[in-house]
Amino acid sequence: MTDQTAIAVRNLSVAYGPHTVVQDVTFEVAPGTVYALLGRNGAGKSSIIRSLLGQRRASRGEVRLLGLDPWTRRAELMARVGVVPEVPDFPPELSARRIASFFAGLYPCWDAAGFGQRLRRFGVPDGRPTGRLSRGQRAQLSLSLALSHAPELLVLDDPTLGLDAVARRELFDELIGELADRGTTVFVTTHDLAGIEGIADRVGMLHGGRLIVDEEVESLKARHRRRTGLRAVPVAVGESVQPREEAERAAHDEAEVMTLEEIFVELADDGKEAAR
Amino acid sequence: MPTTPLRIDPRDPAPIWRQIEEGIRRLVATGGLEPGLAVPSVRELARGLRVNPNTVAKAYQRLADAGVLKVKRGEGTFVTDAPPSMTDGQRSQVLTAAADRLAVEAHTVNASRREAHEALDRAFDQLETGREAR
């Protein structure tokens, strides 16, 4: 593992008692890139996030964030890492303004002006108790807090869960702005495959605790198209007597390009078959 | 600054950076983006298309390398005033490569040489109509 990787996970296994929920997972996230970890509910995404954030100790294997072990260097790392949890747990009686003043005391490079601008862009009222904000507004507040201490790495755990289309879009827009302005490394788990499709550089897909895909989005899509093309050979060739190579090429050319979502569904089905 | 009639299609076999690159080339060719005009910043276009800014930056870099766009430091990115200057050899290379793609596609769909020629003529007509319409 080199210092150049923002996240390095090697042979990670996580177990809860006798239940192993993450098995021998290895991947790296390069600085300045966006890595999307996909997987169905219960696939092990949250356990990996907890290991990354030093909240859960690895049963086996190694985890490094910015070159450091999150289990032993958690406090130091959390100053350099922005986190958007699946469900933000703000004290419901506190306003965004009060929470921000608390954050300002925690983080030496807290950007109060930037925080205010983000809240205004989102239209989140900063004086209202967070318990009275909508779910979307709480997610937006959470992202604003995570970005306003200029993190080197941003970890988002299903940030658009339960949000409506407008709130989802605003959240991704803010994320894109951050990528353009600061080139922050992003690690995100999500079910919003259409939303992340154009943003992720690389995706991992978890199935039953194992990482069954770890690949650049561009090559995943190219490879997957070819695969469906070859599968379609008998149909594409029909009764013609084309030489096999030519038939395969024709099938490839006719093969449909799949969206990330379709690839995910197909691989999840394959995973189920393999597990049988 | 013009609103960008660029579209990203997740079902397009071309990677996103190439879709952006070709979209801008097309806009320049049809006069949708006039010489000297500023193109959106990487940040703006990335937000508009909802793609990673690095993807837009890659397309812009390739367009700048090809002489279609020009980056003026501190001012922004612009469509170049003059068509990219190329040697005759370079022009010939670009044309040959594009013609090769057309020939391969035509062959793949079992089209005749004549059909391919006609398709090329129609494409030229469309480009010219697009320019006149502006």
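As given, the protein sequences belong to chains A and B, one line each in that order. Residue 68 in our numbering sits at position 68 of the first sequence, with consecutive numbering throughout. Convert by adding 276 to the 1-based position in the second sequence; the result is the number in our numbering. Backbone N, C-alpha and C fix where the C-beta goes; we use that ideal spot for every residue, glycine too. Since the model is a prediction, treat every value here as computed from it, not as a measurement.
With a cutoff of 8 Å on beta-carbon distance, residue 336/B and residue 356/B are scored as not near each other. Rounded to whole angstroms, residue 167/A and residue 160/A show a C-alpha spacing of 8 Å.
Taking 8 Å as the cut-off, the beta carbon of residue 184/A is found closer than this to the beta carbon of residue 152/A. It is roughly 39 Å from the alpha-carbon of residue 256/A to the alpha-carbon of residue 142/A. Considered as a whole, the region 95-170 of chain A harbours 96-106, 112-122 and 135-147 as its complete alpha helix (DSSP H) runs of no fewer than 4 residues, in chain order. Between residue 347/B and residue 304/B the beta-carbon gap is near 16 Å, outside 8 Å, which marks them as no contact. Partner residues in a beta bridge of residue 397/B, as assigned by DSSP, do not exist. Per DSSP, the beta bridge partners of residue 19/A are 16/A. Contact fails between the region 43-58 of chain A and the region 124-131 of chain A, because fewer than three Cβ pairs, one in each stretch, are under 8 Å apart. In the three-state reduction of the DSSP assignment, residue 172/A falls in the helix class. In chain order, 21, 22, 206 and 209 place their CB closer than 7 Å to the CB of residue 44/A, counting only its own chain and leaving out the 5 sequence neighbours on each side.
Across the region 292-311 of chain B, CB contacts with chain A closer than 7 Å involve 292, in sequence order along the chain. Annotation: the continuous beta strand (DSSP E) that includes residue 36/A extends over 34-39. Shortest Cα-Cα distance from residue 58/A to any of 269/A, 82/A, 26/A and 263/A involves 26/A. Only those residues of the region 191-217 of chain A whose C-beta falls short of 7 Å from the nearest C-beta of chain B are listed: 197, 198, 199 and 201.
Residue 19/A and residue 13/A have their C-alpha atoms some 11 Å from each other. Check the Cα spacing between residue 158/A and each of 195/A, 133/A and 130/A: the tightest is with 195/A.
If you check the CB distance, residue 300/B and residue 327/B do not come in under 8 Å. If you draw a 10 Å sphere on the C-beta of residue 131/A, you find fewer than 16 other C-beta atoms in it, and that means exposed. Per DSSP, the beta bridge partners of residue 7/A are 29/A and 65/A. Taking a C-beta distance under 8 Å as the contact criterion, residue 215/A and residue 225/A do not qualify as a contact pair. Using a CB distance below 8 Å, the part of the region 323-334 of chain B facing chain A consists of 323, 325, 326, 327, 328, 329, 330 and 331, ordered along the chain.
Residue 341/B: member of the alpha helix (DSSP H) spanning 329-341, first to last residue. The distance from the Cβ of residue 103/A to that of residue 193/A is about 31 Å, inconsistent with a contact at the 8 Å cut-off. The Cβ atoms of residue 8/A and residue 64/A lie closer than 8 Å to each other.
For residue 62/A against residue 10/A, the beta-carbon gap comes to about 5 Å, under 8 Å, which counts as contact.
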